[in-house]
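2 protein chains.
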Amino acid sequence: MVINFENNENLDLIFGALSDATRRGMLAQLSDGETNITALAAPYAMSQPAISKHLRVLERAGLIARSRRGRDHYIKAIPGPAEEAGGWIAYYAKFWRQQFDDVEAYLQANKGDTK
Amino acid sequence: MVINFENNENLDLIFGALSDATRRGMLAQLSDGETNITALAAPYAMSQPAISKHLRVLERAGLIARSRRGRDHYIKAIPGPAEEAGGWIAYYAKFWRQQFDDVEAYLQANKGDTK
DNA sequence: AAAATTAATAACCAAAAGGTTATATATTTA
DNA sequence: TAAATATATAACCTTTTGGTTATTAATTTT
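Chains as they are written, first to last, in my numbering: chain A, 1 to 115; chain B, 1001 to 1115.
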């Protein structure tokens, strides 16, 4: 199965969601396991609706799932989408790295040359 | 050396830069090597200033470098920052995946249980 | 020297992002 | 049942983003 990275709208949402420190912090916190929103919000000096919006962004990107138990909403991380985004980076970074190192090697090899 | 992922403003810029399909397309194209801006812009149905702005975003994120030869600007990808962002994902995805699979395994194990 | 090409910059616009306060809804606790 | 708690939604505001056209600057080609 070849991954189709081109024109993938999911990647817009996933990378967009990851581009904010508050949301990355929430995801980091979720590496300890499922939490309710109040606990997730605790570290941030912002209003409750702001937290709610950040969670919607993460949800829309498919990075989290929500389940309700009474009045509490429990949030957990879903690994798939982030892995997909990580895959995009890993795929292309290999090529960039290759060229980068090639140029380095070339410069190194021709270091003592006269003009 | 332990990487400090917390409160890393670079990640804002890097993930933000990666959240747009045009910019991802440019980076993908740069996996073939250095190109001038005209060639880089060719696939996109947008004005030249728009291209210029996308390149500034990539540059600000540290994802590309520019060198001038005459009137041409040549662009190449710099692998480091993207690798850093990939590292962030890889680091946390491991935890998310672990929990995700643990829950799966639990549900599987208790499949036939009566209430 | 004039025309063409490559790219940046300025000024503008609409939509999206990230925040706020006020209010509503559901559930739990006292 | 009344109060407290957990969360969402609505309405609003400011800044950022992604695009445009018009213009400018530098270089190359004719």
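A virtual CB, placed ideally from N, CA and C, is assigned to each residue, including glycine.
Check                                                                                                                                                      : Outcome
Please return the same chain residues whose Cβ sits closer than 7 Å to the Cβ of S67 of chain A, not counting the five positions on each side in sequence. : Y74
Per the DSSP calculation, K1076 of chain B is bridged to which residue(s)?                                                                                 : B:A1065
Let me know if G1086 of chain B comes out buried or exposed under the rule of 16 or more other beta-carbons within 10 Å of its beta-carbon.                : buried
Flag S31 of chain A as yes if its beta-carbon sits less than 8 Å from any beta-carbon of chain B, otherwise no.                                            : yes
What does DSSP give as the partner residues of N1036 of chain B in its beta bridges?                                                                       : B:Y1074
Which chain B residues sit within Cβ distance under 8 Å of L58 of chain A?                                                                                 : Residues of chain B passing the Cβ test: none, with the nearest at roughly 12 Å.
So, Q29 of chain A versus L18 of chain A, is the Cβ gap smaller than 8 Å?                                                                                  : no
Using a Cβ-Cβ cut-off of less than 8 Å, list which residues of the stretch 65–92 of chain A approach chain B; keep chain order.                            : K76, A77, I78, P79, A82, E83, A85, G86, W88, I89, A90, Y92
Output, in chain order, the set of chain A residues within a Cβ distance shorter than 7 Å of G1016 of chain B.                                             : S19
Quick one: is K1115 of chain B near chain A, going by C-beta distance under 8 Å?                                                                           : Since pLDDT at K1115 of chain B reaches only 42, below the 50 mark, its modelled position is unreliable, and no value is offered.
Pairing CB atoms from the stretch 1037–1055 of chain B with CB atoms from the stretch 53–69 of chain A, are three or more of them under 8 Å?               : no
With the cut-off set at 8 Å, would you say G1062 of chain B and I1051 of chain B are in Cβ contact?                                                        : no
So is Q1099 of chain B in contact with chain A if we call contact Cβ pairs under 8 Å?                                                                      : yes
Would P81 of chain A be called buried (16 or more neighbouring beta carbons within 10 Å of its own) or exposed?                                            : buried
Report the neighbours of L975 of chain B on chain A: residues whose CB is nearer than 8 Å to its CB, in chain order.                                       : Nothing about residue 975 of chain B can be read from this structure; chain B reaches only from 1001 to 1115.
Could you compute how far the alpha carbon of S47 of chain A sits from the alpha carbon of T38 of chain A?                                                 : 11 Å
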